[in-house]
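Everything on this sheet refers to the single structure shown next.
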Amino acid sequence: MSRRERPGGVRADFDDPASLAGAVAGVDTVFLVTAPPVPTADHDIALMTAARAAGVRKIVKLSAIGSGERFEGATVGAWHLAAEEAIEASGLVWTMLRPPSFASNFLRYRALIQAGEPIPNMTGDSRQAIVDPRDVAAVAVAAMTSDAHNGQRYDLTGPELLTFTDQATILERVLERPVKITDASALDQLPAGMTTGIGWARAGGAAYVTDHVPRVLGRPAGTFEQWARDHREAFAAMP
1 MSRRERPGGV
11 RADFDDPASL
21 AGAVAGVDTV
31 FLVTAPPVPT
41 ADHDIALMTA
51 ARAAGVRKIV
61 KLSAIGSGER
71 FEGATVGAWH
81 LAAEEAIEAS
91 GLVWTMLRPP
101 SFASNFLRYR
111 ALIQAGEPIP
121 NMTGDSRQAI
131 VDPRDVAAVA
141 VAAMTSDAHN
151 GQRYDLTGPE
161 LLTFTDQATI
171 LERVLERPVK
181 ITDASALDQL
191 PAGMTTGIGW
201 ARAGGAAYVT
211 DHVPRVLGRP
221 AGTFEQWARD
231 HREAFAAMP
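Every letter in the sequence shown is one number past the one before it in UniProt numbering, and letter 164, counting from 1, is 164.
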């Protein structure tokens, strides 16, 4: 699904609800992934509404860990929570996937690492169970193709708690080159719309490991180091 015409694809726009009908026509299950530039549940709800009208049976939504928790008077992942609640109330079958930070987030820092520049640490010394996005994808497939996961919320964590510094150290070892970091954890330095979620994680809210990935997949969750080794060439391929 894209705003632009693509061979073999369907043109649709979350900001044009009428255009979404073609994206869900004849579909049984929807994997719902949105990333609005300004956090809002409107895109999720628009697609859910179109899906229900088209006779879609199930929605598997990519949400975020901690959605609905409270931090300094605000709701963590408020837009995810609003979308989850709308989907639950829709009468559709649903599964919610709530991962913490993806291991692949480090790919955004490739140019800085290549240039020997420090990368921003937005979560201080807090720890998270960083997840391999391949595990998230595998759980999504399981949820979409089996009714065993209907009505479940899965916190899809990795197997170990790591600080941002831990991750940088692992990547440094795998790449055999320095990976410098700089503190960027002051709330006024965070991107707009991210202060509550990152503040919650920085305060230790996401410092836990679940068995949801191994329970669904029947194998251990992947480690950050294994992800880094499998993607070493993605960093080395930089000019």
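For each residue, glycine too, the CB sits at the ideal point set by N, CA and C.
Query	Result
Where residue 128 sits in the DSSP three-state scheme	strand
For residue 113, three-class secondary structure by DSSP	helix
For residue 154, the residue or residues it bridges with in DSSP	97
Residue span of the alpha helix (DSSP H) that contains residue 24, given as start and end	21 to 24
Own chain residues within Cβ distance below 7 Å of residue 40, not counting five before or after	79
Identified DSSP bridge partners for residue 121	183
Collapsed DSSP secondary structure at residue 33 in the structure displayed	coil
CB of residue 32 within 8 Å of CB of residue 62, strictly	yes
Pair within 8 Å by beta-carbon distance, residue 140 and residue 60	yes
Residue 92, DSSP secondary structure in three states	coil
Beta bridge counterpart(s) of residue 71 as assigned by DSSP	74
Local conformation of residue 162 per DSSP, three classes	strand
Reference residue 219; option with closest CA among 176, 134 and 206	134
Endpoints, beta strand (DSSP E) assigned at residue 217	Where residue 217 is concerned, there is no enclosing beta strand (DSSP E), although the alpha helix (DSSP H) it sits in stretches over 212 to 217.
Beta-carbon spacing of residue 164, residue 121 below 8 Å	yes
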